[in-house]
Structure formats: C-alpha cells, structure tokens
Amino acid sequence: MFESAFERRLKDLAKRSGLKVAEVGSSSAKLMFDVGRHSQPLFILPFGNVWEFSCPSIIRVDRSEDFPIFILTMVLEINAKQKRGFWCIEQLGGKYTLEYMHNIPEALLTPDEFSNICWGIVKEVEALEE
Numbered sequence: 509m510f511e512s513a514f515e516r517r518l519k520d521l522a523k524r525s526g527l528k529v530a531e532v533g534s535s536s537a538k539l540m541f542d543v544g545r546h547s548q549p550l551f552i553l554p555f556g557n558v559w560e561f562s563c564p565s566i567i568r569v570d571r572s573e574d575f576p577i578f579i580l581t582m583v584l585e586i587n588a589k590q591k592r593g594f595w596c597i598e599q600l601g602g603k604y605t606l607e608y609m610h611n612i613p614e615a616l617l618t619p620d621e622f623s624n625i626c627w628g629i630v631k632e633v634e635a636l637e638e
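Residues in the sequence shown are numbered from 509 upward in steps of one, following the numbering used here.
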C-alpha cells in the first residue's frame, strides 16, 4: 500500500511522541485526545512544507456576527499575548466555529515539538471552554 510522505512522517512523529492517530490520509490527519470526560479532535493538514494544526472548540454559531463580543475580545487578547498559535473563526459543517490553530514548517517538527504543539492546542481549547 502506498503512503504519502505526509502519512509516513505523521505516523512516525505520533508514534515517537506517544500519540495515537485516529485517521490519516495523504491530505489530512486526525488525532483524538481524552480530556476530562470527553474526547477532543485535533486535525493536521499539510500545505506544502507547512503543517497546520487545528482544534475546533464547542463555540459555534450560524453567522459569524452572532459570536458574543466578550468571547471575541477574550480570544483577541489571548492572540496578542501568544507567540505561537492563534484563535480564528473557521466555517465547519455550515457553522462558524472558534478554532485554535498553529502553523509550523514540517522540517522543524521533532517528536517533542509535535507532542508539545498537539497538547498545547488541546489545552488552549479546553481552557477556553471551561
């Protein structure tokens, strides 16, 4: 079976960092993290030599202007303090979703860096949802 370079690299990084891959294909991957009493998905997409890590929150609305201003203000303040990672709005499944993302050149990913990014993103989303 043919695996893309992304699939091979992602599986290797996940294995070496102790993380389990739920789904992987040539253009995306999904990891699941058990946090509290639920599972949190984290998605990874390759864009050339840059990988995008993203984790959707439970904060979803039908129209982008329906987001409460206090939540948008809070995530913009978090973005201003962060050097890595950022909050954004993405349309997923017909809803506008608040999502945390991190982009990094694939060449900079070590198993430790991969694990730190994944867990850091999941923890960021969990902190907002609490």
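All residues carry an ideal CB built from backbone N, CA and C; glycine is no exception.
For clarity, every value in this text was computed on a predicted model and none was experimentally measured.
Residue i at chain C interface by Cβ criterion, 9 Å
| i | result |
| --- | --- |
| residue 589 | In the structure shown, chain C cannot be found, because there is only a single protein chain. |
Neighbour-count burial assignment, residue i, 16 or more Cβ in a 10 Å radius
| i | result |
| --- | --- |
| residue 601 | exposed |
| residue 511 | exposed |
| residue 537 | buried |
| residue 610 | buried |
| residue 522 | buried |
| residue 547 | exposed |
| residue 578 | exposed |
| residue 566 | exposed |
| residue 544 | exposed |
| residue 633 | buried |
| residue 640 | Outside the shown range of the chain, which is 509 to 638, sits residue 640, and nothing can be said about it. |
| residue 556 | exposed |
| residue 558 | exposed |
| residue 616 | exposed |
Of the residues the options, the one placed nearest residue i, counting alpha carbons only
| i | options | result |
| --- | --- | --- |
| residue 560 | 604, 634, 581 and 596 | 596 |
| residue 519 | 637, 619 and 574 | 619 |
| residue 572 | 587, 551 and 603 | 603 |
| residue 627 | 549, 517 and 516 | 549 |
| residue 599 | 542, 558 and 563 | 563 |
Coarse secondary structure for residue i, derived from DSSP in three states
| i | result |
| --- | --- |
| residue 527 | coil |
| residue 510 | coil |
Proximal residues to residue i (C-beta, below 7 Å), its chain only, five neighbours per side dropped
| i | result |
| --- | --- |
| residue 514 | 534 and 554 |
Contacting residues, own chain, Cβ-Cβ under 6 Å from residue i (five flanking each side not counted)
| i | result |
| --- | --- |
| residue 664 | Here the chain comprises residues numbered 509 to 638, so residue 664 is not present and cannot be evaluated. |
| residue 531 | 538 |
| residue 575 | 569 |
| residue 551 | 538 and 562 |
Complete runs of the beta strand (DSSP E) confined to the region 559–623 [at least 3 residues]:
Entirely contained in the region 559–623, the beta strand (DSSP E) runs reaching 3 residues are, in chain order, 594–600 and 603–613.
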